[in-house]
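Trainee:
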Amino acid sequence: MVVSRSFILTLGMGMFCGFLSFYLLNSTVTVHPRYIEGISPPQSIYSHPHSHEDLENAAGPEGNVAMHSHSEPHHAGEDLEAEQLKAKVRVLCWVMTNPKNHEKKARHIKATWARRCNKLVFISSVEDKELGTVAVNVGEGRNHLWEKTKAAFSYVYTNHYNDADWFLKADDDTYVIVENLRYMLSPYDASHPLWFGCRFKKYMKQGYMSGAFLNPKAPMLGSPIYSATSSCPTGTHERRRWLCTKSGSTQKICGRRNTQPQEVQARPRRI
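Residues in the sequence shown are numbered consecutively from 20, following the working numbering.
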């Protein structure tokens, strides 16, 4: 039997490719230790409903964020409907921040989604003229959030009561699609007390409202229990806000309405 050279060549190439594939698939890859330094095992993201611990050390880009302009030819006219709604549904955004986050987080909020607010206020413990912060005489840290929140309510009520139809409270790790927020709020009458948020049942049997946006007629604004000197106890600001609101005088609190924004199928709405 005569074996052709082409058959032998094909057989040899097949065996070579087979051994090479076996070697590559079964060999152990060794990584030098210096390449894996700093790699830590994954950590749990959630600890409790109001935890921001996973974002405490997060930082935005060091440089300024470049934004597209609506004046660019291919974006011309895209914001007409949004601008009409902006004039109809005025939203003041006040953002809780702290000195160490002015550069890492707050300035990126100012450069991105907060540009769409009718008015923007940053609440911090240190004045920053470039960012435009309002300095309140309150310590930093989670144990002081309630005092800081009260000071913010007092400032907004005193200085910006007539500047907006709705007030949005946000943190410096928040992102809001303001156009969606306005669209959701547009059917509601801002002249009646109304407070939107998410109802949590942790810590309290009857639950409490967390967040998020309210109108100037809501009981939190202008109420003595929300003044910076109020004797309401300290603690988690969302829970204390609900406790103090419920414990206020009937004349000031009656007629309030608090609700969770819902979609048609009664699912929680994201903004």
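Glycine included, every Cβ here is placed at the ideal spot set by N, Cα and C.
Return the bridge partner residues of Val140 from the DSSP annotation.
Mentor: Position 121 of the sequence shown, counting from 1, holds the residue named residue 140. Looking at the DSSP assignment, Val140 forms a beta bridge with Trp113.
Trainee: Going by the beta-carbon positions, is the gap between Leu188 and Trp113 smaller than 8 Å?
Mentor: Here the question's residue 188 lines up with position 169 in the sequence shown. Here the question's residue 113 lines up with position 94 in the sequence shown. Checking the displayed sequence, the identity of residue 188 turns out to be Lys instead of Leu. Cβ distance < 8 Å, so Lys188 and Trp113 count as in contact.
Trainee: Let me confirm a value: Ser143 is counted as buried when at least 16 other C-beta atoms fall within 10 Å, else exposed. Which label applies?
Mentor: In the sequence shown, counting from the first residue as 1, residue 143 sits at position 124. Ser143 should be labelled buried.
Trainee: Rounded to whole angstroms, what's the CA-CA distance from Glu196 to Leu204? Just pull it up for me.
Mentor: Position 177 of the sequence shown, counted from the start, is the residue given in the question as residue 196. Position 185 of the sequence shown, counted from the start, is the residue given in the question as residue 204. It is Ile, not Glu, that sits at residue 196 in the sequence shown. Distance between the alpha carbons of Ile196 and Leu204 is about 13 Å.
Trainee: Mind the definition here: the region 93-100 touches the region 168-184 only if three or more C-beta pairs lie below 8 Å; say whether that holds.
Mentor: no
Trainee: Would the beta-carbon of Asp182 fall within 8 Å of that of Lys138?
Mentor: Counting from 1 along the sequence shown, the entry for residue 182 is found at position 163. Counting from 1 along the sequence shown, the entry for residue 138 is found at position 119. Judged by their CB atoms, Asp182 and Lys138 are nearer to each other than the 8 Å cut-off.
Trainee: Among the residues of its own chain, which have a CB less than 8 Å from the CB of Leu39, if the five just before and after it don't count?
Mentor: As a working mapping, residue 39 is identified with position 20 in the sequence shown. Taken in chain order, the list of residues that qualify is empty.
Trainee: Does Thr264 come out as helix, strand or coil in the three-state DSSP assignment?
Mentor: Within the sequence shown, the letter at position 245 stands for residue 264. Its pLDDT being 48, under 50, Thr264 is placed unreliably in this model, and the coordinates cannot settle the point.
Trainee: Considering only the beta carbon of each residue, do Asp184 and Asn120 sit closer than 8 Å?
Mentor: Mapped onto the sequence shown, residue 184 falls at position 165. Mapped onto the sequence shown, residue 120 falls at position 101. For Asp184 and Asn120, no; Cβs fall outside 8 Å.
Trainee: Suppose you measure from the CA of Val140 to the CA of Lys107; what does that come to, to the nearest Å?
Mentor: For this step, residue 140 is matched to residue 121 along the sequence shown. For this step, residue 107 is matched to residue 88 along the sequence shown. Val140 and Lys107: Cα-Cα distance of roughly 20 Å.
Trainee: Span of the alpha helix (DSSP H) holding Gly216?
Mentor: For the purposes of this step, residue 216 is taken as the residue at position 197 of the sequence shown. No alpha helix (DSSP H) contains Gly216, which is instead part of the beta strand (DSSP E) from 214-219.
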